[in-house]
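Residue numbers (our numbering): 3 to 181.
Following this line, the structure appears as structure tokens:
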């Protein structure tokens with residue numbers, strides 16, 4: 003399935019490499035995650051979060067007919083809010099109608115107590131797309147930070163094995179004996 007957030011410069015999002023098996027690669031990833039001290043439940047949470055981010059990236063958001071708002075467009079006629087939205091929400095454990103509203107409306111609260119005023123404002127298409135992308139980025143960022151924190155905790159409390167973790171980022175390859 004084409005995943006927009008995996009696409010690079012408009013090219014296809016999935017590559018096949020001759021002589022490599024996705025099943026074998028996934029089994030290696032699973033073993034690696036477990037060897038870093040993640041529980042099976044945490045591993046499932048990692049995969050669910052990444053899947054949710056990918057499905058969010060594929061959500062179609064279009065302008066409403068009057069052009070004053072935005073709406074999540076269903077990609078499957080059997081699901082009023084769209085299959086991708088429902089999939090993302092099932093991964094995140096939230097209601098699809100709630101997330102649809104959160105992506106297409108802003109809530110403004112003023113005052114407090116008896117003087118509390120709540121107003122909902124429709125987001126225009128560019129704003130709704132920005133909200134979707136910001137949510138996906140924040141989910142991925144939170145997952146990344148949690149994962150690094152978990153790995154650091156394991157490395158500090160686990161037995162010393164003499165192994166190091168190498169990190170390749172935009173600045174190059176670095177080796178960290180201690181992160």
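The beta carbon of each residue, even a glycine, is placed where N, CA and C say it ideally should be. As the structure is a computational prediction, the values presented were derived from the model and not from experiment.
Measuring CA to CA, which of the options is closest to residue i?
{"i": "residue 131", "options": "49, 108, 119", "result": "108"}
{"i": "residue 74", "options": "68, 7, 62, 24", "result": "62"}
{"i": "residue 71", "options": "156, 154, 129, 140", "result": "129"}
{"i": "residue 134", "options": "23, 35, 91", "result": "91"}
{"i": "residue 136", "options": "106, 122, 114, 123", "result": "106"}
{"i": "residue 52", "options": "153, 154, 145", "result": "145"}
If residue i sits next to residue j, beta carbons under 8 angstroms apart, how far is it from one beta carbon to the other, in whole angstroms?
{"i": "residue 93", "j": "residue 50", "result": "4 angstroms"}
{"i": "residue 149", "j": "residue 48", "result": "7 angstroms"}
{"i": "residue 138", "j": "residue 59", "result": "6 angstroms"}
{"i": "residue 142", "j": "residue 55", "result": "5 angstroms"}
{"i": "residue 39", "j": "residue 156", "result": "4 angstroms"}
Please classify residue i: is it buried, with 16 or more other beta-carbons within 10 angstroms of its beta-carbon, or exposed?
{"i": "residue 28", "result": "exposed"}
{"i": "residue 103", "result": "exposed"}
{"i": "residue 96", "result": "exposed"}
{"i": "residue 88", "result": "buried"}
{"i": "residue 117", "result": "exposed"}
{"i": "residue 86", "result": "buried"}
{"i": "residue 46", "result": "exposed"}
Taking only the alpha-carbon atoms, compute the straight-line gap between residue i and residue j and give it to the nearest angstrom.
{"i": "residue 68", "j": "residue 8", "result": "32 angstroms"}
{"i": "residue 25", "j": "residue 147", "result": "27 angstroms"}
{"i": "residue 66", "j": "residue 126", "result": "9 angstroms"}
{"i": "residue 41", "j": "residue 35", "result": "9 angstroms"}
{"i": "residue 181", "j": "residue 154", "result": "Residue confidence for residue 181 is low, a pLDDT of 46 falling below 50, so the modelled location carries little weight and cannot support an answer."}
{"i": "residue 123", "j": "residue 115", "result": "21 angstroms"}
{"i": "residue 22", "j": "residue 99", "result": "40 angstroms"}
{"i": "residue 77", "j": "residue 44", "result": "30 angstroms"}
Compute every distance between the C-beta of residue i and the non-hydrogen atoms of the ligand ATP, then say whether any falls below 7 angstroms.
{"i": "residue 23", "result": "Questions concerning the ligand ATP fall outside what the structure shown contains, since it holds no ligand whatsoever."}
With a floor of 4 residues, list each alpha helix (DSSP H) that falls wholly inside the segment 90–166, ordered by position along the chain. For the segment 90–166, whole alpha helix (DSSP H) runs of length 4 or above, ordered along the chain, are 98–106, 127–159.
Which ranges does the alpha helix (DSSP H) cover as unbroken runs of at least 4 residues, wholly within the segment 34–88, from first to last along the chain? With a minimum length of 4 residues, the continuous alpha helix (DSSP H) runs that stay inside the segment 34–88 are 42–59.
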